[in-house]
Amino acid sequence: MLEAPVVIAASLLYLGLLFAAAWWGDRRADQGRSIIANPTIYALSMAVYCTTWTFYGSVGRAAVSGIGFLPVYLGPTLVMSLGWIVLLKMIRIVKANRITSIADFISSRYGKSHGLGGLVTIIAVVGIIPYIALQLKAVSSTVSLLLSYPEIVMPHRSATIPVVADLSFYIALILAAFTIVFGTRHLDATERHEGMVAAIALESGVKLVAFLAVGIFVTYGIYDGFGDIFDHAAAQPQLQHLMTATPSGTGYSSWFSLIILSGLAVLFLPRQFQVAVVENVNEAHLKRAVWLFPLYLLLINIFVLPIALGGLMHFAGQGVDADTFVLTLPMSQRQEGLVLLVFVGGLSAATGMVIVETIALSTMVCNDLVMPMLLRHKRAALDESKDVSGLLLNIRRGAIVAILLLGYLYFRLAGEAYALVAIGLISFSAVAQFAPALIGGMYWRGGTRGGALAGLSAGFAVWGYTLLLPSFAKSGWLPGDFLTQGLFGVELLRPQQLFGLTGLDGISHCLFWSFLANIGAYVGVSLVRPPMVAEATQATLFVDALSESGQGGAVLWRGRAQVNDLQELVGRFLGPARAQTAFAAFARRQGGSGSSGSSGDGRPEADAKLVQFAESLLAGAIGSASARVMVASVAKEEPLSIEEVMHILDEASQLRTYSRELERKSRELTAATLELQAANERLQELDRVKDDIMSSVTHELRTPLTSIRAFSELLRDDPKMHLADRERFLGLIVGETERLTRLINQTLDLAKIESGRADWNGCELDLKEVIEQSIAAISQLVREKEAHVEVDLPDNLPLILADRDRLIQVMLNLLSNAVKFLKPGSGRIRVTLALLADGLEVGVADNGPGIRPEDQQLVFEKFRQVGDTMTAKPSGTGLGLPISRRIVEHFGGRLWVESVAGEGATFRFTLPFAVVQQPAAVVPEAGTGGSLS
Amino acid sequence: MSKKILIADDEQNIVISIEFLLRREGFEVLIAGDGEEALAKVRAEKPDLVLLDVMMPKMNGFDVCQAMRADPELSATRILMLTAKGRDTEVSKGLGLGADGYMTKPFSTKELLAEVRKLLEM
């Protein structure tokens, strides 16, 4: 079934599906309901990192060096999990400055330099071309493999095939066409492609599913699980070196350089920069990508070793290229459906990479290479044409075709000599050259344009000499002499043993020398002179991007420009309608006023903010350096001196300091206000409590007064009252006055205790004696009620420290309470004294009506008398128990009640031993050995 | 026929003094020691006037007053609130609930009698 038409139909169908996804993504974006505003989509789009290198090449690498395929995934994993803060800073900078590509980033950092942007673009294009060739190689070899199905014939190429008959040429063209349709349909100031991201995320899913399917098929279909494959492989001596962690001699340096390279690549490859930074919708998405992307890498690597080992054993001695195992293993088993899925997965990996990479590169070529040249040489022509947005798009389209054709060319020239992974690493090494200028620029204010230019040039030159040229030489397109004998026969200049450095693999060798040259030149040249105005300005914006001051955006511009001129200028690049909308939106944000004044001839004049806004709009379309030049063409700019710039920056930062100070003050004020409110509420609450108590006290005072007054008036108004009534009333009056006196005394007493002004006469005393004295004092009352008092008071208990009179007060209160509630005739009170571990416990039990559980706390509240079971409320002031409890607590004890309703109540209190409270008193006695405790 | 007056108060001595005062003036006197008992006796005996203490167990004077005013059969019964809490809010609360008069403890016996006669329209 796998004839050519089926393969082609499947490929086109799949590309169609991608296009549908992209179209849908764009449509949703236009409707403002972005589907890519989702952290999972963001993480999946980052997986564009996994190309055919991963899909086919990892197995090839593993077949040669075992786990040697792994470091290029460890690098990104480390960077994402440990270095995400760098990525976050890049995202902030890009958003704040409307940066469109990595070339724009570097150019913008070093004073919006055209030269620098151009150099970065050239490095990127030259560096990435082998990588694109890799994709072409993978796709074309898998296509030819499929076309010879069911035979497994290794595609053998010769450079003699005419281009018109070469399948890969057409693949390159189809990819170019597809990319053009995908990425260059319109211009956007932010250079974002929502549809593309949606399609890339879809592709990431497809390639993962396809690879896992092959892995599961090989591991569990052909073999019997992981254990089985490794057992079989272990039995073959020639495979054993693949299963150890100590590869050949250069292993460790190679691992180290691969981890470094891949970690840098995942940040600086143009396509990674595009999806991870430029296309980022929301920096919060980074949170999920930080673990999801490494997880994706882990998943897509799980089956690499089993497939490699399975392939090596299955095709032993048949000359099947290990890079094709992913496809040829299912082919050998006649799994046509799986074969097609794998092919589509590989196609996914290739198209995803090619689309994003060429879009990113074409943007760079257009904004940082072609536009500056047009600006310089065809200024007049550019000024005349009213709308150049179409021209911009065409430049990008041309760039896409050119880049893919260059990729095809490299593939024709050098594609056969290298495995997939080796080609990819050449690109990684080129991209790594951006690191010093870029990372240095983000964290070091001292970096200058000259330093960046020197560093990049030096690094790039070393890369070309030690890696790119040898790759041509090894494919026979350059004389191989200079590899073995060095340039001009000078041995020290041998490209892969430069200056006699041997013992490293080609990649580590290149990394070492290129970084030495790159970093050395960057730092060295930067230190030669201090940064100029433009550089210092941009350095501040970049280095402080994560801090508050980086976002304030001091306006470093002084000059005159007319609003109309600016809008017209922006309109020429973005289209008049978009420009109109953008300017109107800006005016609304600025509140209509303040952004423009009026010049002498009545035309509105733009202020610095508007000029900056126009520049950032243009920067989105043509790059920051070109935008700078274009704006300068319509604005009469007066140059600022470095002192002035520093002054403005300084002022801005001072202003920010002031405003932070103000914010802090205002926060403090708010806090203080809240505290005041709380304090006021507490005061009011206290006031209310005091009011309640006063109200209770007056109520308690008025009640006896009412009886006293009423009886007195009755006696006064009726001199002839019966003697019996007269005596009764007088007795009641006396009783009520006693009640009044008691109430007043207790109220004052409680107030004194509560305010801490009570007098306490602490001394050591025998509690038993106190209790007996109290019982004697109350005996008259007990007799009146015909009650009986039982005591259980052991002798020789330790002394306690307390105030004798106060303790008698407590005991009398408890005893009289007990008596009060006894039934006449059958009443019984039991007083006990018990020894505890750290003190004594007194109990006063009665056989009265008891206290309901819900009332057992209430009886200790002021003026709370619990007497619902009786018709009349109990006599007493309602202060006895609250006072008693405070007295006991004053001496470190506790007073509480235990009761079952109907079975009487027991009040208990504890008091601690005297020794604890007054250790000094027992010290003299210690010597005599006669201590009581 | 003599008028019937209910004294509702939990302070025994106050009850004794008012009872003596009213009987001497020829009124028929009933007594209740808490709010529930007071309401029950009002419903059973239909007194012409209730002297109602506010702070009583089980049901306070305000609630008794409210319950009486909600009962149409008791609309003829006059209510004189007696309380030891003489604050303005208490006075207006009592009158708002439908009491006909309000006296603060301690009171003069003469004034109490005058108020009682006024409410009974004697």
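Quick note, the sequences are listed as chains P and R, same order.
Following our numbering, the numbering of the first sequence begins with 83 at its first residue and continues without gaps.
Following our numbering, the numbering of the second sequence begins with 2 at its first residue and continues without gaps.
For each residue, glycine too, the CB sits at the ideal point set by N, CA and C.
Helix, strand or coil, according to DSSP, for residue i in the structure here?
i, result
"residue 916 (chain P)", "strand"
"residue 982 (chain P)", "coil"
"residue 521 (chain P)", "helix"
"residue 1044 (chain P)", "Since the first and last residues shown for chain P are 83 and 1015, residue 1044 (chain P) lies out of range."
"residue 944 (chain P)", "coil"
"residue 277 (chain P)", "helix"
"residue 132 (chain P)", "coil"
"residue 786 (chain P)", "helix"
"residue 630 (chain P)", "Since pLDDT at residue 630 (chain P) reaches only 49, below the 50 mark, its modelled position is unreliable, and the value read off the structure follows with that caveat. Looking at residue 630 (chain P) - three-state DSSP - the assignment turns out to be coil, as it is neither helix nor strand."
"residue 103 (chain P)", "helix"
"residue 361 (chain P)", "coil"
"residue 12 (chain R)", "coil"
"residue 549 (chain P)", "helix"
"residue 846 (chain P)", "strand"
By a C-beta neighbour count over all protein chains shown, 10 Å radius and 16 as the cutoff for buried, is residue i buried or exposed?
i, result
"residue 47 (chain R)", "exposed"
"residue 103 (chain R)", "buried"
"residue 137 (chain P)", "buried"
"residue 224 (chain P)", "buried"
"residue 3 (chain R)", "exposed"
"residue 58 (chain R)", "buried"
"residue 253 (chain P)", "buried"
"residue 459 (chain P)", "exposed"
"residue 171 (chain P)", "buried"
"residue 713 (chain P)", "buried"
"residue 342 (chain P)", "buried"
"residue 696 (chain P)", "buried"
Report the partner residues of residue i according to the DSSP bridge assignment.
i, result
"residue 84 (chain R)", "R:105"
"residue 891 (chain P)", "Its beta-bridge partners do not exist; DSSP assigns none."
"residue 872 (chain P)", "P:912"
"residue 79 (chain R)", "R:50"
"residue 989 (chain P)", "P:926 and P:979"
"residue 97 (chain P)", "None; residue 97 (chain P) has no bridge partner."
"residue 30 (chain R)", "R:6"
"residue 66 (chain R)", "Answer by DSSP bridge pairing: none, since residue 66 (chain R) is not bridged."
"residue 994 (chain P)", "P:921"
"residue 340 (chain P)", "According to DSSP, residue 340 (chain P) bridges with nothing at all."
Just to confirm, are residue i and residue j a CB contact at a threshold of 8 Å?
i, j, result
"residue 442 (chain P)", "residue 355 (chain P)", "yes"
"residue 187 (chain P)", "residue 535 (chain P)", "no"
"residue 193 (chain P)", "residue 531 (chain P)", "yes"
"residue 590 (chain P)", "residue 541 (chain P)", "no"
"residue 945 (chain P)", "residue 967 (chain P)", "no"
"residue 103 (chain P)", "residue 349 (chain P)", "no"
"residue 704 (chain P)", "residue 474 (chain P)", "yes"
"residue 408 (chain P)", "residue 421 (chain P)", "no"
"residue 352 (chain P)", "residue 204 (chain P)", "no"
"residue 286 (chain P)", "residue 129 (chain P)", "yes"
"residue 837 (chain P)", "residue 814 (chain P)", "no"
"residue 668 (chain P)", "residue 692 (chain P)", "yes"
"residue 196 (chain P)", "residue 454 (chain P)", "yes"
"residue 71 (chain P)", "residue 517 (chain P)", "Chain P is shown only over 83 to 1015; residue 71 (chain P) falls outside these bounds and no answer can be derived."
"residue 191 (chain P)", "residue 523 (chain P)", "yes"
Query raised in the report: At a cut of 8 Å, does the region 388-404 of chain P reach the region 163-182 of chain P through at least three beta carbon pairs?
Result: no
Quick one: any contact between the region 74-87 of chain R and the region 50-60 of chain R, if contact means 3 or more CB pairs under 8 Å?
Output reads yes: the region 50-60 of chain R touches the region 74-87 of chain R.
Below 8 Å, can you find three or more Cβ-Cβ pairs linking the region 398-417 of chain P to the region 159-176 of chain P?
no
- Are there three or more Cβ pairs, one per stretch, closer than 8 Å when the region 806-824 of chain P is compared with the region 864-873 of chain P? no
Touch test, the region 301-311 of chain P against the region 133-152 of chain P, Cβ-Cβ under 8 Å, three pairs minimum: Fewer than three Cβ pairs drawn from the region 301-311 of chain P and the region 133-152 of chain P lie within less than 8 Å of each other, which leaves the two stretches out of contact.
(Q) With three or more beta-carbon pairs closer than 8 Å as the criterion, would you say the region 869-883 of chain P touches the region 843-857 of chain P? (A) As far as the Cβ criterion goes, the region 869-883 of chain P touches the region 843-857 of chain P, which means the pair count is three or higher.
Checklist entry - Should the region 785-800 of chain P be called in touch with the region 16-29 of chain R, which here means at least 3 C-beta pairs below 8 Å? => result Contact check between the region 785-800 of chain P and the region 16-29 of chain R: three or more CB pairs, one atom from each, fall below 8 Å, which counts as touching.
**Prompt:** Is the number of C-beta pairs between the region 837-844 of chain P and the region 881-890 of chain P that are closer than 8 Å three or more?
**Reply:** yes
Checklist entry - Is the region 816-828 of chain P touching the region 24-38 of chain R in the sense that three or more CB pairs, one from each, lie closer than 8 Å? => result no
Task: At least three beta-carbon pairs within less than 8 Å, the region 370-386 of chain P to the region 248-265 of chain P - done: They do not touch, by the three-pair rule.
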